[in-house]
Amino acid sequence: MRKAIYPGSFDPPTFGHLDIIERSAKMVDELNVAVLKNNAKNPLFSAEERVSMIRELTSHLPNVTVSSFDGLTADYAARVGANIVVRGLRAVTDFEYEMQIAQTNHAINDQIDTIFLTTNLKYSYLSSTIVKEVASYGGDISRFVPEQIIERVYGKYHILNQNR
Ligand code: ADP
């Protein structure tokens, strides 16, 4: 059985992430979207919220599961029995960092290989950071994230704004 993980912060999940999930799910028997808890990055959404959003967005994909993890990606992959790591590449700027991570994971566990999917051109500029930046100023994020995510992102800023 070919099992892969797609690790990331997904804070929040965007159309770019969803595109990578849909395309890579076709290549493997099981794809586990692995939400990095990553508290150091001070995420806008808790890991539980990110898992629940991705579950909702991928409910039409029978071979996709979603969970959260902490620690080394290579260790997590081994724990869930996956030997493929999926990552997306948007531009050359992603390349150096991604290459380093892929080689580190392989050095930690040589059973693990990373496959890169190049972005769908229409999402090449898109990142969770951009979504948060635009939303924080009340801008339109409907081209960046699926319908169900829009209000949740605005909601976060509404709450934050009320607290100010
Ligand atoms: P991380 O914090 O690990 O970079 P992200 O949630 O930002 O996590 O991204 C997870 C993965 O999805 C990364 O491999 C990233 O390059 C990829 N990705 C993010 N946005 C896009 C996009 N618009 N198109 C293709 N891949 C993307």
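Note that our numbering has the sequence shown beginning at 512, numbered continuously upward.
Don't be surprised by glycine CBs; every beta carbon is placed ideally from N, CA and C.
Determine the DSSP secondary structure at residue i, reduced to helix, strand or coil.
i                 : result
threonine 525     : coil
isoleucine 595    : strand
aspartate 586     : helix
threonine 629     : strand
aspartate 624     : strand
asparagine 543    : strand
leucine 568       : helix
lysine 667        : helix
tyrosine 503      : Residue 503 falls outside the range modelled here, since the chain spans only 512 to 675, and no answer is possible.
valine 575        : strand
lysine 514        : strand
phenylalanine 606 : helix
In or out: residue i buried (at least 16 other Cβ within 10 Å) or exposed?
i                 : result
lysine 643        : buried
arginine 675      : Any answer about arginine 675 is weak, because its pLDDT of 40 lies below 50 and its placement is not dependable; what the coordinates show is given next. Answer is exposed; the Cβ neighbour count stays below 16.
phenylalanine 655 : buried
aspartate 522     : buried
histidine 669     : exposed
histidine 571     : exposed
phenylalanine 556 : buried
Thinking just about the alpha-carbon of each residue, which of the options is nearest to the one in residue i?
i             : options                        : result
glycine 649   : Ser638, Glu658, Lys667, Pro657 : Lys667
glutamine 534 : Phe556, Asp581, Ala515, Ala593 : Checking the sequence shown, residue 534 turns out to be arginine, not glutamine. The shortest Cα separation from arginine 534 among Phe556, Asp581, Ala515, Ala593 belongs to Ala515.
glutamate 609 : Ile626, Ile619, Ala593         : Ile626
threonine 615 : Val575, Ser520, Ala585         : Ala585
valine 539    : Asn594, Val603, Asp581         : Asn594
Since residue i and residue j should fall inside the 8 Å C-beta cutoff, what is the C-beta to C-beta distance between them, to a whole number of angstroms?
i              : j           : result
isoleucine 531 : leucine 628 : 5 Å
Less than 7 Å separating the Cβ of residue i from some heavy atom of ligand 3?
i              : result
isoleucine 531 : Among the ligands in the structure shown, ligand 3 does not appear; only ligand 1 can be found there.
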